[in-house]
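Count along the sequence shown starting at 1, add 262, and that's the number in this note's numbering.
A short worksheet on the structure shown next.
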Amino acid sequence: MFRIQAALAERYVNATQDQLEDWIGAARSTLGDRLLILGHHYQRDEVMRWADARGDSFGLSRRAADTHGAEFIVFCGVHFMAESADILTAEHQVVILPDLNAGCSMADMADLDSVETAWDELAAVTDIERVVPITYMNSSAALKAFVGRRGGAVCTSSNARSVVRWALDRGDKLLFFPDQHLGRNTAFQLGFGPSDLRVWDPKRDLGGLEDADVKEAAFLLWKGHCSVHQRFKVEHVDAFRAAHPGGLVIVHPECSHDVVDLADQVGSTDFIIRAVGAAAAGAIIGVGTEIHLVRRLAAEHPDRTVVSLDPIVCPCSTMFRIDAAHLAWCLESLVESRIVNQIKVDTDTAKWARVALERMLDIV
Ligand code: 13P
Ligand code: SF4
């Protein structure tokens, strides 16, 4: 999705890291309890050190929902996370995303028009009342509202299994978007096989499927993926295992199923942090997720060897947009009573997206 972030003033562009730290620290103490900074695990260290709470998508959405005191929530993460925080917080609370161009390329792979088209096409060949739409947290508020209106729910990488089980109690089929990999990995974890799944290609009529495919499938998986996690390949796992027999492989469920299948453990960013923390001293751990988290884990556990499975470093370029300069600008603006980069979801969309998010929070 195209968003426009105005260029920062020279003061911030030309500042040294020390100056930015001083400015952020001063603004933060001036704002005191009025401010809450949330940081997703993929954020840079220069940003993460200021976070009052760190978390995965699920943990941060729960934290936003439970935050009643703070007037300003500065969300150091990406756009869909800030939207969810806005939906789950009270009317008087303001959610700010330090750089408006911090989106998510996967979230942009499903838009409301194409999902509505898919829904209408499905309705022509199957009993649509028995189809439950499930959207991954990594999606726009408009898609969360779409599933809220149609009896579906949101899921994250830490609760996808519970949400999918919940959905299967309510219908015969899931339309799961936008990440085919999380959908496939979850279906396999629940005991489904390849014949239960079909990939829905939004660029083709009826998703590129025959009527019989739609009728047969339990999971219609949107053809979307994460550009960061799709880089991890079987060859990386094989190379790591050859170099470190006895090493531990931990990956995020946005990786493809062949990689997940070879891993020892699979889970959300928070799960990965706990799994590395639980590994024995001396363990050699190959991790399949975004590089800032992998590097932080390596630094926090000097008695273990934590490496990326992919030797060619791959940051999430949109998470990376949030830096100390943008954070300093947002906070100093708040001190001057100017709200910049507010993320505000319109009332009707927020109402239905909240239904879908609260269903998720109730399920888990
Ligand atoms: P988590 O919910 O595991 O933090 O994942 C979010 C994400 O965007 C991973 O790419
Ligand atoms: Fe989106 Fe992938 Fe970045 Fe996560 S890592 S925010 S899914 S592009």
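Here a beta-carbon is modelled for each residue, glycine too, at the ideal position from N, C-alpha and C.
Checklist line | Close Cβ partners of residue 607 (< 8 Å) along its chain, the five nearest in sequence each way excluded | finding: Around residue 607, the same chain offers 345, 348, 349, 403 and 615 as residues with beta carbons nearer than 8 Å, after the five sequence neighbours per side are excluded.
| task | Give me whichever residues DSSP pairs with residue 398 in a beta bridge. | result | Partner(s): 417.
| message | Using C-beta distances below 6 Å, list every residue in its chain close to residue 586, excluding the 5 sequence neighbours before and after it, in chain order. | response | Annotation for residue 586: 282 and 308 place their beta carbon closer than 6 Å to its own, counting only its chain and skipping 5 residues before and after.
ask   = Rounded to the nearest angstrom, how far is the Cβ of residue 599 from that of residue 419, given a contact under 8 Å?
value = So it is not a contact: roughly 38 Å between Cβ atoms.
Original post:
If you draw a straight line from the C-alpha of residue 584 to the C-alpha of residue 467, how long is it?
Top reply: Those two C-alpha atoms are separated by around 38 Å.
- [ ] Using 10 angstroms around the beta-carbon of residue 443, count the other beta-carbons present and answer buried if the total reaches 16, otherwise exposed.
- [x] Under the 10 Å beta carbon count, residue 443 is surrounded by 16 or more other beta carbons and is classified as buried.
Straight-line CA distance for residue 543 to residue 339?
-> The straight-line gap from Cα to Cα measures roughly 31 Å.
Worksheet item: Would DSSP call residue 338 helix, strand or coil?
Response: Residue state, collapsed to three classes: strand.
Alpha carbon of residue 406 to alpha carbon of residue 491, nearest angstrom
So the two alpha carbons sit approximately 23 Å from each other.
request  = Could you tell me if residue 446 is buried or exposed, where buried requires 16 or more neighbouring beta carbons within 10 angstroms of its beta carbon?
outcome  = Label assigned to residue 446: buried.
Buried or exposed by the 16-neighbour rule on C-beta atoms within 10 Å, applied to residue 299 = Under this definition residue 299 is a buried residue.
Requested in this report: Within the same chain, show all residues whose beta-carbon is closer than 8 Å to that of residue 604, passing over the 5 residues directly before and after it, in chain order.
Outcome: The answer, listed in chain order, is 356, 357 and 358.
What residues sit near the ligand 13P, counting only those whose C-beta is closer than 5 Å to one of its heavy atoms, in chain order? Answer in sequence order: 318, 319, 418, 419, 530 and 531.
Next on the checklist: Determine whether the beta carbon atoms of residue 563 and residue 539 lie at a separation below 9 Å.
Outcome noted: Result yes, Cβ atoms of residue 563 and residue 539 sit closer than 9 Å.
ask   = Does the stretch 468–487 come close enough to the stretch 372–387 that 3 or more CB-CB pairs lie under 8 Å?
value = Under the 8 Å Cβ criterion, the stretch 372–387 counts as touching the stretch 468–487, having at least three qualifying pairs.
Checklist entry - Hey, would you say the C-beta of residue 622 is under 8 Å away from at least one heavy atom of the ligand SF4? => result Outside the cutoff, so no.
Any non-hydrogen atom of the ligand SF4 within 8 Å of residue 333 CB = Result no, Cβ not under 8 Å from the ligand SF4.
* Asked: Can you find a heavy atom of the ligand SF4 that lies under 8 Å from the Cβ of residue 400?
  -> Under cutoff, so the answer is yes.
*Measure from the alpha carbon of residue 551 to the alpha carbon of each residue in 566, 522, 541 and 595, then state which is nearest.*
Looking only at 566, 522, 541 and 595, the smallest Cα-Cα distance to residue 551 is reached by 522.
Subject >> DSSP bridge partner residues for residue 298 (one or two, in chain order) >> reply: The partner list for residue 298 (beta bridge, DSSP) reads 335.
Practice prompt. Tell me, please, which residues DSSP counts as bridged to residue 483.
Written response: 438 and 461, per the DSSP bridge assignment.
#### Entry: residue 368 to residue 582 span [Cα, whole Å]
If I take the Cα positions, the gap works out to 15 Å.
Practice problem: Give the secondary structure of residue 567 by DSSP, where H, G and I count as helix, E and B as strand, and everything else as coil. | Solution: Residue state, collapsed to three classes: strand.
Problem - Every unbroken beta strand (DSSP E) inside the stretch 346–390 [3 residues or more] - result: The qualifying runs are 356–358.
Is it buried or exposed, residue 575, if we count other Cβ atoms within 10 angstroms and call 16 or more buried? Looking at its Cβ environment, which holds fewer than 16 other Cβ atoms inside 10 Å, residue 575 is exposed.
**Report entry** Proximity of residue 396 and residue 409 at Cβ, strictly below 9 Å
**Finding:** In this structure, residue 409 lies closer than 9 Å to residue 396 by Cβ.
Open item on the list: In chain order, what are the residue ranges of uninterrupted beta strand (DSSP E) at least 3 long that sit wholly in the stretch 489–528?
Closed with: For the stretch 489–528, whole beta strand (DSSP E) runs of length 3 or above, ordered along the chain, are 510–513.
Compute every distance between the C-beta of residue 578 and the non-hydrogen atoms of the ligand SF4, then say whether any falls below 8 Å.
For the ligand SF4, a non-hydrogen atom lies closer than 8 Å to the CB of residue 578.
Legend entry - Rounded separation between residue 469 and residue 441 - CA only: Approximately 15 Å between the Cα atoms of the pair.
Note down the Cα distance separating residue 238 from residue 592, rounded to an integer number of angstroms.
This structure cannot speak to residue 238, because the chain is shown only from 263 to 626.
Which of helix, strand or coil does DSSP assign to residue 433? Correct three-state label for residue 433: coil.
Are residue 280 and residue 588 touching if we call contact CB-CB under 9 Å? No Cβ-Cβ contact shorter than 9 Å links residue 280 with residue 588.
Practice task
Output the boundary residues of the alpha helix (DSSP H) element that contains residue 290.
Solution key: Residues 279–293.
**Request:** Confirm the yes/no value for this check: CB of residue 457, any heavy atom of the ligand SF4, distance under 8 Å.
**Result:** No, the ligand SF4 has no heavy atom inside 8 Å of this Cβ.
_the ligand SF4 and residue 552: does any heavy atom of the ligand fall closer than 8 Å to the residue's C-beta?_
Within the cutoff, so yes.
(message) Closer than 8 Å to a non-hydrogen atom of the ligand SF4 - does that hold for the CB of residue 588?
(response) Relative to the non-hydrogen atoms of the ligand SF4, the Cβ of residue 588 never comes closer than 8 Å to any of them.
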